[in-house]
Amino acid sequence: MNAIDLGTLRPRLPSPLEPVEDERFARHGVRLLLKRDDLIHPALPGNKWRKLAPNLTAAAGRPVLTFGGAYSNHLRATAAAGRLLGFRTVGIVRGEELADRPLNPSLARCAADGMRLRFVDRGTYRRKADPDVLASLVERFGSGHGAPGDCRVIPEGGSNALAAQGCAELGRELRGVSEVVAVACGTGGTLAGLAAGLAPSPEAPDERPARALGIPVLRGGFLGEAVAALQRQAFGGPAGDWWLDERFHFGGYARTTPALDAFAADFEQRHGLPVERLYVAKLLYALVTLADEGAFRPGTSVTAVITGCPDPVAQPPERSAQS
Ligand SMILES: *Cc1c(COP(=O)(O)O)cnc(C)c1O
38 MNAIDLGTLR
48 PRLPSPLEPV
58 EDERFARHGV
68 RLLLKRDDLI
78 HPALPGNKWR
88 KLAPNLTAAA
98 GRPVLTFGGA
108 YSNHLRATAA
118 AGRLLGFRTV
128 GIVRGEELAD
138 RPLNPSLARC
148 AADGMRLRFV
158 DRGTYRRKAD
168 PDVLASLVER
178 FGSGHGAPGD
188 CRVIPEGGSN
198 ALAAQGCAEL
208 GRELRGVSEV
218 VAVACGTGGT
228 LAGLAAGLAP
238 SPEAPDERPA
248 RALGIPVLRG
258 GFLGEAVAAL
268 QRQAFGGPAG
278 DWWLDERFHF
288 GGYARTTPAL
298 DAFAADFEQR
308 HGLPVERLYV
318 AKLLYALVTL
328 ADEGAFRPGT
338 SVTAVITGCP
348 DPVAQPPERS
358 AQS
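Quick note on the numbering used here: the sequence shown kicks off at 38 and runs consecutively.
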């Protein structure tokens with residue numbers, strides 16, 4: 038068993054911070070900055086690096102078993118890390134029916150990186166955090182990798198206490214930079230850590246604390262409790278100042294509308310930033326809307342965390358929110 042040294046992958050940390058000129062903010066006296074976490078590493082971009090790094094260090098070279106949907110960025114990042122760092126990976130994928138079809142480009146990439154893919158029905162997948170269900174999945178799919186129990190389980194989306202602690206570094210990199218730091222949310226692990234890291238350090242108690250804003254890309258209204266639970270596990274209780282605006286899911290995960298697509302294409306044109314469509318487009322749309330609504334006082338700086346980059350071969354088929 039080999040220790041894992043993520044430093045050999047030469048991550049770009051701290052990630053770059055870029056001011057952008059955008060009249061949709063400037064006309065309200067608001068300054069926009071982009072935190073380019075998408076540039077941290079080409080195979081493990083954005084928050085996937087920040088969440089996986091502490092988990093892989095803890096796994097110390099043991100096989101990693103984790104979970105995701107058919108287009109999961111987390112599964113792809115885990116598989117790539119396994120190939121680059123030399124540990125085995127097992128991906129449990131939602132949807133038994135996928136086993137009988139050709140792999141989509143995202144899962145094909147996972148398989149090419151050496152991930153063993155195992156497909157489970159949706160009912161089992163939903164109950165995967167139940168200790169009995171998890172134990173049986175590990176027994177069925179984690180075997181062949183050494184002694185039973187000798188594999189490290191990372192939950193769906195990579196979000197656990199270690200992941201939130203890893204994302205606290207994002208907040209620390211942004212202390213004192215702006216009044217608001219906004220991020221798109223799936224499981225909420227990134228927001229949980231970001232908010233904790235933004236809280237003023239004991240050495241600089243007079244520093245003006247920044248607030249973290251989460252934009253959920255899934256519908257359902259469950260995220261507030263998920264973030265609070267992750268903060269309890271990672272930091273022992275509520276940490277930092279955060280809030281959610283749940284209006285910008287555009288119908289749910291991987292859903293889009295013609296207006297959102299046009300917005301993202303226009304943002305790319307204006308700023309030369311490749312806009313990832315599942316998360317980042319919804320975040321930027323939310324910020325432009327909030328600026329227009331006067332949600333940010335004149336003189337405010339707002340930082341948008343660019344958590345990922347578009348992946349041309351791994352996009353889900355277009356789904357319109359109206360259909
Ligand atoms: C996974 C992902 C997120 C969501 O992060 P959570 O910690 O699950 O909230 C946001 N943006 C991008 C680009 C992602 O790939």
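We put the CB at the ideal spot given by N, CA and C, even for glycine. These figures come from a predicted structure and were not determined experimentally.
At the C-beta level, R269 and A323 stay beyond 9 Å of one another. Residue state for C222 is assigned as strand, using DSSP reduced to three classes. In the three-state reduction of the DSSP assignment, V190 falls in the strand class. Scanning its chain for C-beta atoms nearer than 6 Å, with the 5 sequence neighbours on each side dropped, one finds around H308 the residues V57, in chain order. For K72, the Cβ stays outside the 8 Å cut-off from all heavy atoms of ligand 1. In the three-state DSSP reduction, T344 falls in the coil class, being neither helix nor strand.
Assignment of A114 by DSSP, reduced to helix, strand and coil, places it in the helix class.
Excluding residues up to 5 positions away in sequence, V170 lie with their Cβ nearer than 6 Å to the Cβ of R164 in the same chain. Within a 10 Å sphere around the beta-carbon of Q306 sit fewer than 16 other beta-carbons, which makes this residue exposed. Per the coordinates, the alpha-carbon of R189 lies some 5 Å from the alpha-carbon of V101. The bridge partners DSSP lists for S338 are R68. Secondary structure remark: continuous alpha helix (DSSP H) runs of at least 4 residues inside the region 109-158, in chain order: 110-122, 142-149. With a beta-carbon spacing of about 16 Å, R99 and I129 fall beyond the 8 Å limit used to define contacts. With a cutoff of 8 Å, Y316 counts as near ligand 1, since its C-beta is closer than that to a heavy atom of the ligand.
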